[in-house]
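What the sequence shown shows, in this note's numbering, is residues 885 to 1242, in sequence order.
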Amino acid sequence: MQGKIRDISGAQLVMLLFVSRLFTLFTFIPKSGQAVSGSTALLTILLAAAATLLLILPYLWLCRKGGQDILAAAFSASRFYGVLVSACYGTFCILMAGYTASHFEFFMTSTVYQNAPPWIFLLCLIPAAAYAARLGLEAFSRFGVFVFILMLAVIALICGALIPEMDLVNVVSPFLEGEEAVFSGTMQAVTANAEAVVFILLCSRAGKGSGKTFIWYVVLAAIFYEILSFSVLAALGDYAKTRLFPLYTAATVAQISVFGRLDILHIAMWVCVAFLRAAAYLYCALVCLRRIFHKLPYAAAAAIVAVGAGGLAFFTSTDMRYLNEAGRLLMNGVPFGVLVVLIPLITALFLKKGGKSV
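Pasting the structure below:
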């Protein structure tokens, strides 16, 4: 039964997207890119959530016309267009899987195991994620339910343990850096939401997945982004700006009598989240590849996308500048605009009501 496409529930898709999305919060580095201040981020999280819901409308329009499976809809327009769309989505997903693995490796070697060679973590994560992708969506989505529950528990423990350390003096006006910073931060948060691409590719496999599924995901992610961001800001203040990974620093500060320091739980959660996110992107890439090459076995497709992701991960792990540049290229707004807005819009224009091409 391995390799057979099976639907998951809308709730499972929400959990998968939520877990994957919070990876970006775990990997947040204050001095990378043009990061806004913590107080400004509290506002931009809400604005970005609203903007993301608006930008998904072209895909929802496509769904109403019967094109929920965007790859099938693209192929119904023409073979060339279908291959082009599949290649665009597949390439992006391979790059995101590699970027995820590289960022995971950077955290482990810079914060936890500083003397370990980078390739060890990449060699552990990528094959494991590729194997999970080869098993199919249903398999790692079930694991996603466990990770989701674990994540909620760890977040509750960390935020609860940080309460004695919080000082509202650290929370200032979100407009302190000006309206331009708010706009810039909102755009960064929107374009960093690559999980919108995962939703578009997996929505047709999520039972009755629809716009409500995406709304649940966006709202849930925004709520927990706000809770975690506020907790870290109120507890660490300006000190958070000096740390590579503020959330991990907050976990080391947070203490609770039963568990002691919570950084161990944070690391365990980090490993699970990185694995699940990489598996999700590799699976999406696998699906795109097999739409182009129908007779390609699942195992071969999984190996190909894993090699592609591994190549990027090993390259970017050699220098932090390469990792930063990869992040800028993937989240500069162009991939999001093309994959989330432009392609669904063009595909919808190709279709008549009922999913038939014009």
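Where is the CB? At the ideal position from N, CA and C, for every residue including glycine. Here the structure is a predicted model, which means the values were calculated and not measured.
{"Asked": "Integer-rounded CB distance, given that residue 1176 should sit under 8 Å from residue 971", "Found": "7 Å"}
{"Asked": "Proximity below 7 Å, CB of residue 1189 to CB of residue 1032", "Found": "no"}
{"Asked": "Cut-off 8 Å between Cβ atoms - residues of its own chain near residue 1011, not counting five sequence neighbours on either side", "Found": "1190"}
{"Asked": "Helix, strand or coil at residue 1239 [DSSP, three-state]", "Found": "At residue 1239, the pLDDT of 49 sits below 50, so the modelled position is not reliable; the number obtained from the coordinates is stated separately. Note: residue 1239 maps to coil in three-state DSSP."}
{"Asked": "Validate contact between the segment 1165-1181 and the segment 966-985 using beta carbons, cut 8 Å, 3 pairs", "Found": "yes"}
{"Asked": "Nearest neighbour of residue 1018, chosen from 1183, 1217, 1209 and 1205 [CA to CA]", "Found": "1183"}
{"Asked": "Start and end residues, alpha helix (DSSP H) containing residue 1204", "Found": "1204-1214"}
{"Asked": "Best match in 894, 927 and 1004 for proximity to residue 1113 [C-alpha to C-alpha]", "Found": "927"}
{"Asked": "Collapsed DSSP secondary structure at residue 1077 in the structure displayed", "Found": "coil"}
{"Asked": "Cβ pair count under 8 Å reaching 3, the segment 1210-1229 against the segment 1050-1065", "Found": "no"}
{"Asked": "8 Å contact criterion, which residue 940 and residue 1224 should meet: CB distance rounded", "Found": "7 Å"}
{"Asked": "Integer Cβ distance of residue 909 from residue 1109, believed to fall under 8 Å", "Found": "6 Å"}
{"Asked": "Given 8 Å, three or more beta-carbon pairs between the segment 1031-1046 and the segment 1061-1079", "Found": "no"}
{"Asked": "Cβ-based neighbour list, residue 1210, same chain, cut-off 6 Å, excluding 5 preceding and 5 following", "Found": "983 and 1200"}
{"Asked": "Burial state of residue 1084, where buried means 16 or more other Cβ atoms lie within 10 Å", "Found": "buried"}
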